[in-house]
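The next block holds one structure in the form of structure tokens; read it before the comments.
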Amino acid sequence: EAGVAQSPRYKIIEKRQSVAFWCNPISGHATLYWYQQILGQGPKLLIQFQNNGVVDDSQLPKDRFSAERLKGVDSTLKIQPAKLEDSAVYLCASSSQTDTYEQYFGPGTRLTVT
Amino acid sequence: AQSVTQLGSHVSVSEGALVLLRCNYSSSVPPYLFWYVQYPNQGLQLLLKYTSAATLVKGINGFEAEFKKSETSFHLTKPSAHMSDAAEYFCAVSAFTGRRALTFGSGTRLQVQP
Numbered sequence: 001e002a003g004v005a006q007s008p009r010y011k012i013i014e015k016r017q018s019v020a021f022w023c024n025p026i027s028g029h030a031t032l033y034w035y036q037q038i039l040g041q042g043p044k045l046l047i048q049f050q051n052n053g054v055v056d057d058s059q060l061p062k063d064r065f066s067a068e069r070l071k072g073v074d075s076t077l078k079i080q081p082a083k084l085e086d087s088a089v090y091l092c093a094s095s096s097q098t099d100t101y102e103q104y105f106g107p108g109t110r111l112t113v114t
Numbered sequence: 115a116q117s118v119t120q121l122g123s124h125v126s127v128s129e130g131a132l133v134l135l136r137c138n139y140s141s142s143v144p145p146y147l148f149w150y151v152q153y154p155n156q157g158l159q160l161l162l163k164y165t166s167a168a169t170l171v172k173g174i175n176g177f178e179a180e181f182k183k184s185e186t187s188f189h190l191t192k193p194s195a196h197m198s199d200a201a202e203y204f205c206a207v208s209a210f211t212g213r214r215a216l217t218f219g220s221g222t223r224l225q226v227q228p
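Sequence order for the protein chains is A and B. Under this note's numbering, the residue at position 99 of the first sequence is numbered 99, and the numbers go up by one with no gaps. If you want this note's numbering, it's the 1-based position in the second sequence plus 114.
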């Protein structure tokens, strides 16, 4: 089966610009996660969706970050305006309803803010 | 609340030597525990998981981990290191009930010397 797809793989922007990342989870997976991984650290959850509803966005900086999951499939994460400290790898993961503890990760999008 | 501590941000072993990567967790509810591996410029791949069945868990690529409740530990081991094991390893915890998102440790970079 196809894995979690993410695009773009790399993005370089200047501070105060906006950027969007796209994620396509494994077919049929109801739960989708966005994680932020800053260099030298473990991934940190930004937002969790169950189908197209938000389960947890307590760690999402809502003044600049937004995310949506239309029709319970693909998801988009947006940053507007970007700050230098947003430089990180943004990982998308998905899990099925039959095995909610096993998350499958995409390759990530590496964002550099200059 | 949950947290994970990985002792040693860098571990270096010789090829053929024992690999031991340490992980201690803190959780107010029974935890599920995971080890993930991350190769350069790739997403995370699940090595193994503990979900309250056997305390000794075997994973892929010859890795195993033992859940020790009394020590709140979940250390990762492999009897004989291979050059291909060089990567970043992350320990993670998830709650037994409710929210399924992972809380990750800061990672341990494993170097394998020839």
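C-beta atoms are modelled at their ideal positions from N, C-alpha and C, and glycine is treated no differently. Keep in mind it's a predicted model, so treat the numbers as computed, not measured.
What is the DSSP secondary structure of Glu85 (chain A), counted as helix, strand or coil?
Secondary structure at Glu85 (chain A): helix, using DSSP grouped into helix, strand and coil.
Can you give me the Cβ contacts of Val151 (chain B) inside the same chain, cut-off strictly under 6 Å, excluding the 5 residues immediately before and after it?
Closer than 6 Å at Cβ, skipping near neighbours: Gln159, Leu161, Ala201, Tyr203.
Using a beta-carbon distance below 8 Å, is Ala215 (chain B) in contact with chain A?
Cβ-Cβ to chain A under 8 Å: yes for Ala215 (chain B).
Just to check my reading of the structure: Leu45 (chain A) and Asp56 (chain A) have Cβ atoms closer than 8 Å, yes? What is that Cβ distance to the nearest angstrom?
Between the beta-carbon of Leu45 (chain A) and that of Asp56 (chain A) there is about 7 Å, and that keeps the pair under the 8 Å contact cut.
Burial state of His29 (chain A), where buried means 16 or more other Cβ atoms lie within 10 Å
His29 (chain A) should be labelled buried.
The region 26–44 of chain A: which residues have C-beta closer than 9 Å to a C-beta of chain B, in chain order?
Of all residues in the region 26–44 of chain A, the ones placed with a Cβ closer than 9 Å to any Cβ belonging to chain B are Thr31, Tyr33, Tyr35, Gln37, Gly40, Gln41, Gly42, Pro43, Lys44, in chain order.
Contact criterion: CB-CB distance below 8 Å. Does Gln156 (chain B) meet it with respect to chain A?
Under the Cβ criterion of 8 Å, Gln156 (chain B) is counted among the residues facing chain A.
How would you label His189 (chain B), buried or exposed, when you count the other beta carbons within 10 angstroms and need 16 or more for buried?
Burial call: buried.
Smallest Cα separation from Pro25 (chain A): which of A:Ser94, A:Leu39, A:Leu70, A:Gln80?
Its Cα nearest to that of Pro25 (chain A), the residue A:Ser94 stands out among A:Ser94, A:Leu39, A:Leu70, A:Gln80.
Can you grab the Cα-Cα spacing for the pair Gly3 (chain A) / Gly106 (chain A), in whole Å?
Each residue's Cα considered, the two are about 7 Å apart.
Can you grab the Cα-Cα spacing for the pair Leu60 (chain A) / Gly130 (chain B), in whole Å?
When rounded, the distance between both Cα atoms is 43 Å.
Between the beta-carbon of Ile12 (chain A) and the beta-carbon of Thr114 (chain A), is there less than 8 Å?
Taking C-beta atoms as the reference points, Ile12 (chain A) and Thr114 (chain A) count as a pair closer than 8 Å.
Beta-carbon proximity check, Val19 (chain A) vs Leu111 (chain A), cutoff 8 Å
For Val19 (chain A) and Leu111 (chain A), yes; Cβs fall inside 8 Å.
Report the residue from A:Gly42, A:Val54, A:Trp34 whose alpha carbon sits nearest the alpha carbon of Lys78 (chain A).
The residue with the shortest Cα to Cα distance from Lys78 (chain A) is A:Trp34.
With a threshold of 8 Å between beta carbons, is Tyr146 (chain B) in contact with chain A?
So yes, Tyr146 (chain B) belongs to the interface.
Leu170 (chain B) and Glu180 (chain B) closer than 8 Å at C-beta:
In terms of Cβ geometry, Leu170 (chain B) and Glu180 (chain B) form a close pair [threshold 8 Å].
From Thr191 (chain B) to Val143 (chain B), what does the alpha carbon distance come to, in whole angstroms?
Across the structure, Thr191 (chain B) and Val143 (chain B) are spaced so that their CA atoms are roughly 25 Å apart.
Environment of Leu121 (chain B) [buried if 16+ CB atoms lie within 10 Å]:
By the neighbour-count rule (16 or more Cβ atoms within 10 Å), Leu121 (chain B) is not buried but exposed.
Closer than 9 Å at the beta carbon, the chain B residues around Glu85 (chain A):
For Glu85 (chain A), none of the residues of chain B pass the 9 Å Cβ criterion, the least Cβ distance being about 17 Å.
Leaving out five residues on either side along the sequence, give the residues of the same chain with a beta carbon under 8 Å from the beta carbon of Cys127 (chain B).
For the sequence presented, residue 127 (chain B) should be read as Val rather than Cys. Result list for Val127 (chain B): Val133, Ala195, Leu224, Gln225, Val226, Gln227, in chain order.
Identity of the residue in B:Lys183, B:Asn175, B:Cys205, B:Ala168 nearest Ser198 (chain B) by Cα
Scanning B:Lys183, B:Asn175, B:Cys205, B:Ala168 for the CA closest to the CA of Ser198 (chain B) turns up B:Asn175.
Let me make sure I understand the geometry here. Which of A:Gln103, A:Ala82, A:Glu102 has the alpha-carbon closest to that of Gln17 (chain A)?
Closest by alpha carbon: A:Ala82.
Rounded to a whole number of angstroms, what is the C-alpha to C-alpha distance between Ala5 (chain A) and Arg136 (chain B)?
So the alpha carbons of these two residues sit roughly 31 Å apart.
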